[in-house]
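In numbering that gives the first Met the number 0, the protein residues as written are 0 to 667.
Below is one structure, written out as structure tokens; the observations come after it.
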Amino acid sequence: MNTMSQTGLRNRALSPEEISDIYRTALRIRFFEERTASLFAEGLVKGTAHSYIGEEAIASAVCNYLRRDDYIGSYHRGHGHCIAKGAQLDRMMAELLGRSTGYCSGLGGSMHIADLSLGILGANGIVGAAMPLCTGAALAAKLKGTGQVAVAFFGDGASNQGIFHESMNLASVWDLPMIFVCENNQYALTTPFRATTAIDRIADRAASYSMPGVRVDGNDATEVGFAIREALERARAGDGPTLIEAMTYRWGQHSMRANLRDPRPDDEQQHWRDRDPVKLLETEMLERKIVSAQGIEEIRAQTAIDLEAAVDYAKASPEPGIDQMMAAVYAPHPVIVEPASKGTREISFIEALNEAMTQEMERDDSVIVMGEDVALTGGIFAATKGLAERFGVERVRDTPISEATFVGCGVGAAIAGLRPVVELQIFDFVALTMDMLVNQAAKFRFMLGGGPKVPLVVRGPQGGGIRMAAQHSQSLEAWFTHVPGLVVMAPSTPYDAKGLLTTAIRDDNPVIFLEAKLLYVSGTGPVPEQQYAIPVGKGDIKREGTDVTVVATMAMVPRALAAAAQLEREGISVEVIDPRTLKPLDEDMILESVRKTHRLIIAHEAWTTGGFGAEVSALVVEKAFDWLDAPIMRVGAPDVPMPYNDELERAVIPSQARITDAIREIMR
0 MNTMSQTGLR NRALSPEEIS DIYRTALRIR FFEERTASLF AEGLVKGTAH
50 SYIGEEAIAS AVCNYLRRDD YIGSYHRGHG HCIAKGAQLD RMMAELLGRS
100 TGYCSGLGGS MHIADLSLGI LGANGIVGAA MPLCTGAALA AKLKGTGQVA
150 VAFFGDGASN QGIFHESMNL ASVWDLPMIF VCENNQYALT TPFRATTAID
200 RIADRAASYS MPGVRVDGND ATEVGFAIRE ALERARAGDG PTLIEAMTYR
250 WGQHSMRANL RDPRPDDEQQ HWRDRDPVKL LETEMLERKI VSAQGIEEIR
300 AQTAIDLEAA VDYAKASPEP GIDQMMAAVY APHPVIVEPA SKGTREISFI
350 EALNEAMTQE MERDDSVIVM GEDVALTGGI FAATKGLAER FGVERVRDTP
400 ISEATFVGCG VGAAIAGLRP VVELQIFDFV ALTMDMLVNQ AAKFRFMLGG
450 GPKVPLVVRG PQGGGIRMAA QHSQSLEAWF THVPGLVVMA PSTPYDAKGL
500 LTTAIRDDNP VIFLEAKLLY VSGTGPVPEQ QYAIPVGKGD IKREGTDVTV
550 VATMAMVPRA LAAAAQLERE GISVEVIDPR TLKPLDEDMI LESVRKTHRL
600 IIAHEAWTTG GFGAEVSALV VEKAFDWLDA PIMRVGAPDV PMPYNDELER
650 AVIPSQARIT DAIREIMR
């Protein structure tokens, strides 16, 4: 078993300065949490908060040895971690009171406090989420050669999450400078550790991932201090990650809003209260004559004064306004002018994607590519072919088959300053990543008050047409257009694929980049050889017309164009609009076209019910209803999973004939 030796962890002493610093931090955490509880009881701290009382020695000792630029990721019980890493009490308290002067401008609250200038990637309301995010920050540190380390704090409950195991594996495979700190307080909500975990020591799980694992007394700052020092030495030397399991106990219930009976035995609670980590530090300082009893009282008095000043600051601070809230969702998009000419050179859709990534990687060293099989083979559809040979396997990285974690790694790397392009081998697998995309990437900027950037691209093939059946053929764009904070791009031509992917890589927001499989095999199109980009939210009129507007997306665009060419011979003039970016949507282009043609059809490969077409339909009904001369029609897939049989697959995917029939019907 590959475990870190605990020989000599006890009977060793930290220096007086170390003990004193750790004590002062622990006391600040204790006073902060006690005051938070009283403010919650007064109704000034809303919602809920999760107290760190009883566990102060862990964060205080760990963060005492971190550099200012080292990263930490936390969880819902994160006040202690943030304070230990250097967060100001006044801005912390202002955030808990929902004020604009808080760390997240009052938009994040107790569970989401962060400060990237201190390396605090954020407390997190999702169990275990800090682990994949910290793998990304650690990857960024490794690629940049900064010597930084990322520390992920999590509870014992999170050790049973899949992302715990996936993150441990990824960190070990890539030798990331990362430390996993499990604060084992022995209860997940109200369920005891022994009832949910099939192993006695979480630290023993480290052996499965070829890294050291050590269990320490989490209430003993000295034990924690020596363990973290050794782990940091390994990480900074390039020797990879470490797992530290710190045994501790929270004094209160899971949260301050607890409405459940506390099942923990009274004698158990008393045992741990007798091992109060703050009192243990005070006792050690007195025994070693580091400070006198009067000195301790003076420290306590000053800490109390600091806390009341922080509370006064928070109470006097203004609340955030609606304009501030709305501005926090998206970072400004890059200012781009689309080229006037597409040129005459013709390449395929996949070649266009490859060229965009190649040129952006040449232009910007912070652009990296990761995903399953992207380096050795160029991916299942060869979109990344040749990139590893050109840029090396450090920047083009094959990942384990663990979508949630390598997407989360991409999110963390983006927050830490890289521009990751993450490929999902088949876009149906995005269901495994929804927490990282919806709860992390999309909300990160907003939860932190509108300051951070998350320049992440998640791309890959979606839809049917190549007989891959129900779990590999879905069109899921409507999921993502529903989520504030995400940009959704959906090109239909090689020209658009290259230009939009270039823009996506340069954008400071997370971008969902959808590539219809049918377009991979649809031939070639004109694409300029030089770099270019397409503005976010700018649609394209693929064909002008006067009688009916067809708004088509992705693989339906060439089918709509073919239908329009066919109907021209029947005297019907069809205007075909490709939104290109589904979110933000070029509403003006669609509305202007409908006001001209007075008829609208929306065609997409996805299911009709709840599909993106319903959003376009609602837009036109709300803003251009008086211009319509006929009901809006949608052409999409029926409510059935994609069949394997080729004839049935062709029947499910909207065809040129179905679009043609819809146009004829709306013209009657």
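Ideal Cβ positions, reconstructed from N, Cα and C, are used throughout, including at glycine.
- Following the DSSP letters along the chain, one finds E388 inside the alpha helix (DSSP H) bounded by residues L386 to F390.
- G377: not part of any beta strand (DSSP E); DSSP gives it neither H nor E.
- Annotation for Y70: the continuous beta strand (DSSP E) segment containing it runs Y70 to G72.
- The residue from I662, P525 and G522 with its alpha-carbon nearest to that of Q565 is I662.
- DSSP assignment within the region 150-235 yields the following whole beta strand (DSSP E) runs of 3 residues or more, N-terminal first: 177-183 and 212-216.
- Going by DSSP, M91 is part of the alpha helix (DSSP H) stretching over L88 to L95.
- Per DSSP, the continuous beta strand (DSSP E) segment holding M632 begins and ends at M632 to A636.
- Here DSSP, grouped into helix, strand and coil, assigns I511 to strand.
- Collapsing the DSSP output to three states places A629 in coil.
- Contact between L115 and F445 does not hold, since their C-beta atoms are separated by about 14 Å, which reaches or exceeds 8 Å.
- Between the region 457-465 and the region 328-347 there are fewer than three inter-stretch CB-CB distances shorter than 8 Å, so the stretches are not counted as touching.
- By the beta-carbon neighbour count (other beta carbons within 10 angstroms, threshold 16), L375 is exposed.
- When secondary structure is reduced to three states using DSSP, P419 falls in the strand class.
- Between the alpha carbons of R98 and D311 lies a distance of about 12 Å.
- One alpha carbon belongs to Q185, the other to M555, and they sit about 54 Å apart.
- In this structure the region 352-360 lies against the region 378-389, because at least three pairs of beta carbons, one per stretch, are closer than 8 Å.
- For K582, the uninterrupted beta strand (DSSP E) segment begins and ends at T580 to K582.
- Collapsing the DSSP output to three states places L242 in a strand.
- In the three-state reduction of the DSSP assignment, I601 falls in the strand class, which pools E and B.
- Per DSSP, reduced to three states, the secondary structure at T247 is coil, with no helix or strand assignment.
- For R362 against M488, the beta-carbon gap comes to about 19 Å, at or over 8 Å, which does not count as contact.
- In this structure the region 540-550 does not lie against the region 475-488, because fewer than three pairs of beta carbons, one per stretch, are closer than 8 Å.
- Taking 8 Å as the cut-off, the beta carbon of I533 is found closer than this to the beta carbon of D495.
- For M324, the enclosing alpha helix (DSSP H) starts and ends at I321 to A326.
- Apart from sequence neighbours up to five positions away, the residues of its chain that approach R505 with a beta-carbon distance below 7 Å are P333 and A532, ordered along the chain.
- For R396, the beta-bridge partners assigned by DSSP are M369.
- Relative to A636, the option among I321, W626, L647 and T607 whose CA is nearest is T607.
- Pairing H80 with M110 gives a Cβ-Cβ distance that is not under 8 Å.
- Between the region 464-476 and the region 413-423, the count of Cβ pairs shorter than 8 Å is below three; the stretches do not touch.
- For E402, the closest C-alpha among the options E393, P419 and T432 is that of T432.
- Cα atoms of R558 and A327: separation of roughly 39 Å, rounded to the nearest angstrom.
- Residue pairing for G524: DSSP places it in a beta bridge opposite I346.
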